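Add 1166 to a position in the sequence shown, counting from 1, and you land on the number used in our numbering. Positions of the beta carbon are idealized from the N, C-alpha and C atoms, including for glycine. Bear in mind that the values here come from a model prediction, so they are computed numbers and not experimental data. Everything on this sheet refers to the single structure shown next.
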Amino acid sequence: MVEPSSDAAGFDDLESATVYIKGQGTFIDPGTLDDAEGAWIGSGFLVSEDGLVMTNNHVVTGAGTLNVYIGGDQGQETRATVLGASECLDLAVIQLEGNGFPFLDWHDGDIKTGLDVYSAGYPLGAAEEFTLTRGIVSKDDFPLDTQWASLDHVIEHDARIRGGNS
């Protein structure tokens, strides 16, 4: 969990460390067993100056190439590679080419019900449309069983997330 400061400069820093991700690749269509082309979009955020980005696994799965735009800037395309991913947690870490990137610090306090949280990204595939929503942690540290995974420590929040904010 990362945390912007409450002033306007803090939110500008948040936008500059949020990235727009475009993935492209070839996959086997399970319905026809034919080769198919696919494209993916999503968001992520920089967690280190040397270009480590946290995003969702479904944003990068199957992508042969990843093009990343820092702060949504379509003029600043950067290539990235997947370093690791968890299908069960739907998390991925990608590495950008380059160095000296703006980044966000991890929240190092307790995560409790009522804590302010934010959802930031480029929803609906619009790289020029950065959005930020705010909510609270509505339930902290509970187990969750799904069809694909059993998770021991889940945090529930009510910040609105739109497609592409992933």
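Exercise. From what residue to what residue does the beta strand (DSSP E) around His-1224 run?
Worked result: Premise fails: His-1224 lies in the alpha helix (DSSP H), 1223 to 1226, not in any beta strand (DSSP E).
For this session: Can you say whether Glu-1263 is buried or exposed, counting buried as having 16 or more other CB atoms within 10 angstroms of its CB?
Result: By the Cβ neighbour-count rule, Glu-1263 is exposed, with fewer than 16 other Cβ atoms within 10 Å of its own.
Exercise. Within the chosen definition, does the segment 1304 to 1315 reach the segment 1270 to 1279 through at least 3 CB pairs nearer than 8 Å?
Worked result: Yes, the segment 1304 to 1315 is in contact with the segment 1270 to 1279.
Exercise. Do Val-1234 and Trp-1206 come within 8 Å of each other at the CB atom, strictly closer than that value?
Worked result: Contact: no.
For this session: Please list the segments of the beta strand (DSSP E) lying wholly inside the segment 1199 to 1266, counting only runs of 3 or more residues, in order along the chain.
Result: Listed in chain order, the complete beta strand (DSSP E) runs (minimum 3 residues) inside the segment 1199 to 1266 are 1201 to 1212, 1218 to 1221, 1231 to 1236, 1243 to 1252, 1257 to 1262.
For this session: Spatial neighbours of Trp-1314 within its chain, please: CB distance less than 8 Å, with the 5 preceding and 5 following residues excluded, ordered by chain position.
Result: Excluding the 5 residues flanking it on each side, Trp-1314 has same chain C-beta neighbours closer than 8 Å at Glu-1253, Cys-1254, in chain order.
For this session: Within 10 angstroms of the Cβ of Ile-1260, are there 16 or more other Cβ atoms? Answer buried if so, exposed if not.
Result: By the neighbour-count criterion, in which a residue is buried when 16 or more other Cβ atoms sit within 10 angstroms of its Cβ, Ile-1260 is buried.
Exercise. Is the segment 1318 to 1325 touching the segment 1231 to 1247 in the sense that three or more CB pairs, one from each, lie closer than 8 Å?
Worked result: Counting Cβ pairs under 8 Å, fewer than three are found: no touch.
For this session: Would you identify the three-state DSSP class for Pro-1289, choosing helix, strand or coil?
Result: Correct three-state label for Pro-1289: helix.
For this session: Excluding the 5 residues preceding and the 5 following Ala-1229 in the sequence, name in chain order all residues of the same chain whose CB lies nearer than 7 Å to its CB.
Result: If we look at Ala-1229 and ignore the five residues flanking it on each side, its Cβ neighbours are Gly-1189, Gln-1190, Gly-1191, Trp-1206.
Problem set entry | Backbone CA spacing between Arg-1300 and Ile-1194 [nearest angstrom] | Using only the alpha carbons, I get a separation of about 39 Å.
For this session: In the DSSP assignment, find the unbroken beta strand (DSSP E) run with Gly-1191 in it and report its ends.
Result: Following the DSSP letters along the chain, one finds Gly-1191 inside the beta strand (DSSP E) bounded by residues 1184 to 1194.
Exercise. Is the beta carbon of Ile-1187 sitting closer than 8 Å to the one on Gly-1210?
Worked result: In contact: Ile-1187 and Gly-1210 (Cβ atoms closer than 8 Å).
Exercise. If we call anything under 8 Å between Cβ atoms a contact, is Ala-1183 one with Leu-1249?
Worked result: Cβ distance not < 8 Å, so Ala-1183 and Leu-1249 don't count as in contact.
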